[in-house]
Structure formats: C-alpha cells, structure tokens
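Numbering (this note's numbering), first residue to last: 9 to 155. Working notes for the structure below.
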Amino acid sequence: MARYATTVDSPLAPAESFAKVADLANFEKWDPGVSASEQVQGDGPAVGAAYDVTVKTFTGGSMVLTYVITEFEPGERVVALAETSNLRSYDVISVEPSDAAGDGGSALTYDAELELKGIFRPANLLLGLVFNRIGDAADKGLRTYLA
Numbered sequence: 009m010a011r012y013a014t015t016v017d018s019p020l021a022p023a024e025s026f027a028k029v030a031d032l033a034n035f036e037k038w039d040p041g042v043s044a045s046e047q048v049q050g051d052g053p054a055v056g057a058a059y060d061v062t063v064k065t066f067t068g069g070s071m072v073l074t075y076v077i078t079e080f081e082p083g084e085r086v087v088a089l090a091e092t093s094n095l096r097s098y099d100v101i102s103v104e105p106s107d108a109a110g111d112g113g114s115a116l117t118y119d120a121e122l123e124l125k126g127i128f129r130p131a132n133l134l135l136g137l138v139f140n141r142i143g144d145a146a147d148k149g150l151r152t153y154l155a
C-alpha cells in the first residue's frame, strides 16, 4: 500500500476550503493527475454521492475510478473510496481552523492511500515511489487552489 499525506495552510476560512475540496467534482481543478471529474450520483458532497474521476495512469493512458463518499461531516471531514478488482483508493480530507497565515484561515489535510490488488499486489512497493511524485504534484495544486 502507498500512502501520501499533506497539510496545506490557506487564508480561506475553513468552511470555504472544505467546500472547494470536499466536492470531488473539483478534483481536476487542483490535482494534475486528474483530467476530469463528474458527479454521477447525488447532488453535491454527501454520504452516498458518487463521482466518476478520470485519472492519468502510470503508462500514459487514463482510467475512470468511481469514488463514493462513505463519510461526510459538513465543513470538517469527507472520506471517499474507489475500488476496482485491481486497486483500492481511500482518500480522507479534513479541515480545521488555522491562524498560520494570521488571518483566520484554515489547515486542510489530504491523506490518500492507494493499494494494488490481485496479481498486481507485488507491485505495491514500487507504487509507493511513484505515488509520492503524484502526491507532491497534488500538494502543489492544492496550495495554488486554496491560496
């Protein structure tokens, strides 16, 4: 299993930071590894909402993962899960108040786990190396998006 976690300080109020990132339809606006994201079930972020997220693969192609929100605490925390026969992606986004910027902003934490399954399981060790680069790009995108 590969894991990437980061915390991004933002001048935006916690509710505003959360709203921008908890709606997974905005994934492509801050994660360069995502080329498209569309809500396919529900109306906005809530438990049971589903999003088809087109992600770039390591081979240069793309694939669609359906993320389903499994936990939702308005303004504070959202958990999304995408699972296929070959992989599992588990993402947790949480926000709390922060005065790091001196203006009543927020600290948003993005914690993602990616695990290959089945015949691909042995490649999980290599996945960790690649996932760190993907995570670093997402971190940079989040910092720009929440600035």
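Using N, Cα and C, we set each Cβ at its ideal position, and we do this for glycine too.
- In the structure shown, the three-state DSSP call for phenylalanine 66 is coil.
- Apart from sequence neighbours up to five positions away, the residues of its chain that approach leucine 122 with a beta-carbon distance below 6 Å are Ala10, Ser97 and Phe139, ordered along the chain.
- The Cβ neighbour count for glycine 126, taken over all protein chains shown within 10 Å, is under 16; the residue is labelled exposed.
- Note on serine 45: 16 or more other CB atoms within 10 angstroms of its CB, so buried under the neighbour-count rule.
- Per DSSP, alanine 115 is one residue of the beta strand (DSSP E) stretching across 114-124.
- Contact check between the segment 143-155 and the segment 51-67: fewer than three CB pairs, one atom from each, fall below 8 Å, which does not count as touching.
- Comparing C-alpha distances from glycine 41 to each of Ser25, Thr62 and Thr74 shows the shortest one belongs to Thr62.
- Counting the other CB atoms within 10 Å of its CB gives serine 18 a total of 16 or more, which places it among the buried residues.
- Assigned with DSSP and collapsed to three states, threonine 92 falls in coil, not helix or strand.
- A direct Cα-Cα distance of roughly 14 Å separates valine 16 from glutamate 84.
- Residue state for alanine 33 is assigned as helix, using DSSP reduced to three classes.
- Between the C-alpha atoms of leucine 20 and alanine 58 there is a straight-line separation of about 26 Å.
- Glutamate 24 and serine 43 have their C-alpha atoms some 23 Å from each other.
- A straight line joining the alpha-carbon of glutamate 81 with that of leucine 95 spans about 26 Å.
- Cβ neighbours of lysine 64 within its own chain (closer than 7 Å, five residues either side excluded): Gly41, Ser43 and Ser70.
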